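> Have a look at this one before I ask anything.
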Amino acid sequence: IDSLIARRIALSKTGSRSGRTSAGFQVQIYLGSDRQSAYDAQNRFKSLYPEINTYISYTEPNYKVQVGDFRNRMDAQRLMSGLKENFSTLLIIPATVNTSQ
């Protein structure tokens, strides 16, 4: 288990190429207790927007799928408007986002 935790920490550290983060927003596209549904939502989003980062997190008892690294709420709102046809529950969430640009 320790090796899995160490691997997960290493992966999360390399997730941001520049290592810089700031306060921003993400769009939450899934919240629920079913792991497979979370991965299905992530895959469905990636097929529509392969260039936008996706993040899955688990806080007992729920999985969350959040997408994007937006510096302002307006950019997150634009994406959310385009997702309404494909995802039923959408929220804009304040988050620490990667600022690799």
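Residue 1064 is where the sequence shown ends in this note's numbering, and the numbering goes up by one at each step.
Beta carbons: idealized from backbone N, C-alpha and C, even for Gly.
Computed from a predicted model, the values in this text were never measured in an experiment.
How do the segment 1036-1056 and the segment 1004-1017 stand: do at least 3 beta-carbon pairs fall below 8 Å, yes or no?
yes
> Could you compute how far the alpha carbon of Asn1035 sits from the alpha carbon of Lys1027?
Position 72 of the sequence shown, counted from the start, is the residue given in the question as residue 1035. Position 64 of the sequence shown, counted from the start, is the residue given in the question as residue 1027. Between the alpha carbons of Asn1035 and Lys1027 lies a gap of roughly 21 Å.
> Whole-angstrom Cβ separation of Gln989 and Gln1029, contact assumed at under 8 Å?
On the sequence shown, position 26 is the one that residue 989 refers to. On the sequence shown, position 66 is the one that residue 1029 refers to. Confirmed, Cβ separation roughly 4 Å.
> With distances taken from CA atoms, which of Arg1007, Phe1050 and Gly1031 is nearest Ala1058?
Taking the sequence shown and counting its residues from 1, one reaches residue 1058 at position 95. Closest option to Ala1058, Cα to Cα, is Gly1031.
> In whole angstroms, give me the CA-to-CA distance for Ser1063 and Asn1016.
Indexing the sequence shown from 1 puts residue 1063 at position 100. Indexing the sequence shown from 1 puts residue 1016 at position 53. Rounded to whole angstroms, Ser1063 to Asn1016 spans 12 Å at the Cα level.
> Where does the unbroken alpha helix (DSSP H) through Tyr1012 begin, and where does it stop?
Along the sequence shown, one-based indexing puts residue 1012 at 49. Per DSSP, Tyr1012 lies in no alpha helix (DSSP H) and is assigned neither H nor E.
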